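A short worksheet on the structure shown next.
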Amino acid sequence: MMKKYEGKTVIKLRVNGQDHEVAARPADILLDVLRQQLGLTAAKPGCLNGDCGACTVIVDGWPIKSCLMLAVEAEGHDILTLEGLGGRAAAQKAFVAANSFQCGYCTSGFLMVCHALQNHYSELPEEYVIEEWLQANLCRCTSYQELRRAVRLMYEQTPPSGSPRDSRPPATNVFPAGKNPL
Amino acid sequence: MTTAIDKSIQRREAWDKVTGQAQYCDDLPAAGMLSARLLTSTYAHARLRSVDIAAAQALPGVECVLTGADCPQLFGPLLQDRPALARDKVRYAGEPLALVVAVDEPTAEQALRLIEVDYEPLPPLLKPAQALERGAPLLHGQGSYKKVLEDIYPEPGTNIASHYRIRKGDSQSVLQKCAVIVRQCFGLPPSGHLAMEIRTARAEITAQGQVLITTSSQSPYSVRKQLAEAFLIPAGQIQVKTPLVGGGFGGKAAVCLEILAYLASRGVGGKKVRLTLPREQDMATAPCRLGLEAEISIGADQNGLIQAAELNYYLDCGAYTDIAPYMAKAIAVDCSGPYQIANLSCDALCVYTNHTYATSFRGFSHAEQTFCLERTLDMLAQKCGDDPLQLRLKNAIGPGCTTPTQVAYSAGLIGDLPQCLEKIQPLSCWDGGGVTKIKPHTVRVKGLACFWKTANPPTDAISGAVITFNPDGSVNLNTGAVEMGSGCHTHLNQILAERLQLSPDQVHVVAAPDTQVAPEHWKTVASLTVNMAGRAVLAAADDALSQLRVNAGLALGCPDAEIEIAAGRAFSKKNPERFIPFKDIVQGYKSPAGQSLGQPVIGRGSLMLKGLSLLDPYSGSGRTGPDWSLGAQVVEVEADLRTYTYRIISASTAMDVGRAINPELMRAVIAGGMAMGVSLASRESFAYNSDGIPLKPNLRTYKLMHIGEEPDYRVDFVETPEQGSPYGVRSYSEHGIIGMPAALGNALSRAFACRLNTLPLNPERIWRAATEGDS
Ligand code: FES
Ligand code: FES
């Protein structure tokens, strides 16, 4: 017989290298638990249907849509959200340098995909691989050219060092290639 | 030398956005809040016999259930015609008719399923033409709406919510005599905004009666105004906050969720309530992009010089008007496109149907109007045997011409179309629009379209800016402009830094406007923010500068007229080695002897638009916006003649932006507009079944473009400064979208040798048009 769960159960989640205990209903999705219980709001709801990718986080190294994963399924896995990158990841610097966002709502999801991509491919993969990875996500503001550019720049970055704050360039930074970086 | 403009400065909030620290409305803590959910209509048009909420109310965890009976007011910025929750009748599928407030969303959703609605279906009106037929049922019976503004012209006894006319010259008799005449009909479907951030709002009413709203809105001041007027609350008792907005595109300018969130909170004694729409309701319930039908007649002489045009537009505004009458007005105001047409008649009607109601959408009806006009012009070029670009060039608006509303042309006011056409040629490798065979069944073709746009704000729209200083000499800029991705906060930062001769790093823009703190800014719409708020910022900067001069004069012991400001310092002109840094004078000045001199500096600037007028109801003459922006766009396709499929190779825009104060930011926003235009033209529409029920209100089946489908976007600028705007910059943020559908339609019509007069341009449509004649 199937076991029926009622009410909330305490589960353990490992997020950004830290262990947390949260109380979740069996039907609670990982996205809601991250946002509402842990205050990790970088991952965004955009459709709750697996279509937009705004909710993407990294689970055991893979980009996962956290609206499609139950919180209870995430127990025992290593979850990384954008907050866990601090400001150090090559992807983050590349997104700023390539002007890869406007409203920024899709940014967390795309960043997690790119960060996972870089962990899987140490060298810049072929364009079709990049497309395959990034096609899981939607952006309504940019032309996507900026996101392609960010992936290339990400692979040109030197490995992370120093504290996140230190690595932030001054805000007056102009885009690298002057008038049109593309 | 400029310190802050003409530079590709990165977005002010860039690092907040790549670290997840940027806060959008629903990122704010929600602990302890109640959740609200909406029950929406499953019929496009029906009488509500009864809505039984007893079972829902009885569910444990439910705090209150509201129906139309709980809110007698009608809403709308121009015509008050929309109930917050449907009463007696529903007028579109997706219309909210009940609202549940519960301890959490799952409970609220469970309660929704317990509400019993008894509908009596009525025949739906699904096209403007159908709604205009004699004897068509009236969606809003006589007297069921109230005019808010003067220039709305509903026609009682019909489904016409407003009507705008342009009469210039004598189009009728001139058109008949033209050597070449092209007449075409068009039909464009409604579609969605689909900002990635779903609409969301929160409300709370304090014991003192203070109404607190937090919302993802482009128009917090309109929220305050509409709530105050409808519920007779003193406006000062309403406080509206808008954190960063995750994309708006016009869709978050309508006041809709805030009213429901307020009602929800009121229903539970003022407790905090959060209302977030599921994506499906964000598409079917919240207002969408307009649909449009049109009949276009254009006449020219043998040389392709346009002599006259008659233009009829029927805007499908859906069940309620919201801002749609002004979108009809906007079509009339710019109906000629950026061309000289001496004899012109245009009727733009805003028509009720049983679709989801429409609100502003990027381009404010210009992309739709431009599609109809520019497709017709391409057919004219074909008839005259002209290069489409040459035809547009010889008809381009220029000195001596007037706009449809009879505003005299000047390059400073309107922009330079010939220069844009000049620049688009190398950018797009323009080849005259010819069809090039590259494989036995594959051709490459380019299509061209031009666009222009002015704005339609109220004639008394206002903006304001307050600047304060920090002890390090840096500045805080406080305006009511909402940052939703268009980069307005970065531009305002640049404008202020430039005027104060500071580095942009020393300017801090307050990220989240609050109506109680920030001076009112009409709305963050119409691409007018940089113009309007920018002018207020300049005034505030000048105000601060004069105060800084006084303090510096006292500190340096010389008259303030002798003080010069640069690089965060005040100098004595006569004696430039004597200077004092801002940080020592921004809070007044304390002399080495301890004497206090001067006053702390607070800069204030404000703006009320001047020189705008209502349109004459018969001729349409008048002036609605502070400036125009115009440009030319080309789309290149590779088309497979056997399968009716195509690939978009490149899309180019040459636009007169006045001055490229931040070239990269502007390029990206224009390219983003182009991307949206390509998506709109190639795949987007709300499909309805014959009962008027939307078929695919979700992102699984309503396909947006993904990476890998995008063409090569190219953007170039023409810079004809606009006289009245900050540093000459024109409105530019919506415009990338405007000509894209037309340019794509022109390219594909040439490729497949057929007339594509509808959207979206998918293979099935093209196949039909190519095999059955007109689409
Ligand atoms: S919210 Fe998860 S994919 Fe859209
Ligand atoms: S930046 Fe707005 S959705 Fe991607």
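Chains as they are written, first to last, in the working numbering: chain H, 1 to 182; chain G, 183 to 957.
C-beta: ideal position from N, C-alpha, C; glycine also.
Quick caveat: nothing in here was measured; it's all calculated off a predicted structure.
- Pairing G813 of chain G with M837 of chain G gives a Cβ-Cβ distance under 8 Å.
- Among the residues of the segment 44 to 77 of chain H, those with a Cβ less than 9 Å away from any Cβ of chain G are K44, P45, G46, C47, L48, N49, G50, D51, C52 and A54, in the order of the chain.
- K434 of chain G and R381 of chain G do touch by the CB rule: their CB atoms are close to 6 Å apart, below 8 Å.
- Residue G:S355 holds the alpha-carbon nearest to the alpha-carbon of Q489 of chain G among G:Q815, G:R841, G:S355 and G:A743.
- C114 of chain H does not reach chain G, its nearest Cβ partner there being about 11 Å away, counting only Cβ pairs nearer than 7 Å.
- Around the beta carbon of M183 of chain G, a 10 Å sphere encloses fewer than 16 other beta carbons of the protein chains shown; the residue is thus reported as exposed.
- If you keep only unbroken alpha helix (DSSP H) runs of at least 4 residues inside the segment 459 to 483 of chain G, you get 461 to 466.
- Residues G214, M215, L216, R384, A385, E386 and S447 of the same chain have their beta carbon placed closer than 8 Å to that of K454 of chain G, with the five preceding and five following residues left out of the count.
- The beta-carbon distance between E892 of chain G and Q145 of chain H, rounded to whole angstroms, is 7 Å. This is short enough to meet the 8 Å contact definition.
- Non-local C-beta neighbours of Q239 of chain G in its own chain, meaning closer than 7 Å and more than five positions away in sequence, comprise V247, ordered along the chain.
- For D654 of chain G, there are no neighbours in chain H by C-beta distance under 7 Å, as the nearest C-beta there is about 15 Å away.
- For R148 of chain H, the neighbours in chain G by C-beta distance under 8 Å run, in chain order, I889.
- Not one heavy atom of ligand 2 sits closer than 7 Å to the Cβ of Y534 of chain G.
- Taking the Cα positions, N485 of chain G is about 20 Å away from G616 of chain G.
- In the DSSP assignment, Y128 of chain H falls within the alpha helix (DSSP H) that extends over E127 to L134.
- The beta carbon of L30 of chain H sits closer than 6 Å to those of S66, M69, A71 and A74, all from its chain and outside the five residues before and after it, given in chain order.
- At the C-beta level, N939 of chain G and G629 of chain G stay beyond 8 Å of one another.
- Interface criterion not met: the Cβ of Q18 of chain H is under 8 Å from no Cβ in chain G.
- In this structure, C670 of chain G and A679 of chain G do not form a Cβ contact; the two beta carbons are roughly 15 Å apart against a cut-off of 8 Å.
- The segment 362 to 373 of chain G and the segment 833 to 853 of chain G do not touch, with fewer than three beta-carbon pairs separated by less than 8 Å.
- S542 of chain G and G432 of chain G do touch by the CB rule: their CB atoms are close to 3 Å apart, below 8 Å.
- Following the DSSP letters along the chain, one finds V356 of chain G inside the alpha helix (DSSP H) bounded by residues S353 to Q358.
- The distance from the Cβ of G451 of chain G to that of E379 of chain G is about 29 Å, inconsistent with a contact at the 8 Å cut-off.
- In the DSSP secondary-structure assignment, Y534 of chain G is bridged to G:G500.
- At a cut-off of 8 Å between C-beta atoms, W197 of chain G counts as an interface residue with respect to chain H.
- Relative to ligand 2, the nearest heavy atom lies less than 7 Å away from the CB of Y105 of chain H.
- In the structure shown, the three-state DSSP call for E75 of chain H is coil.
- Taking the Cβ of C55 of chain H as the reference point, at least one heavy atom of ligand 1 falls within a distance shorter than 7 Å.
- Around the C-beta of Q905 of chain G, fewer than 16 other C-beta atoms lie within 10 Å, and the residue is accordingly described as exposed.
- The beta carbon of A150 of chain H sits closer than 6 Å to the beta carbons of A94, F95, A98 and S100 from its chain, once the five residues preceding and following it are set aside; these are given in chain order.
- Per DSSP, the continuous beta strand (DSSP E) segment holding P63 of chain H begins and ends at W62 to K65.
- For G87 of chain H, the residues of chain G that pass the 7 Å Cβ criterion are W197 and T201, in the order they occur in the chain.
- Under the three-state reduction of DSSP output, T661 of chain G falls in the strand class.
- By the neighbour-count definition (other C-beta atoms within 10 Å, threshold 16), E156 of chain H is an exposed residue.
- For E550 of chain G, the uninterrupted alpha helix (DSSP H) segment begins and ends at H548 to C566.
- A Cβ of chain G is located within less than 8 Å of the beta carbon of A42 of chain H.
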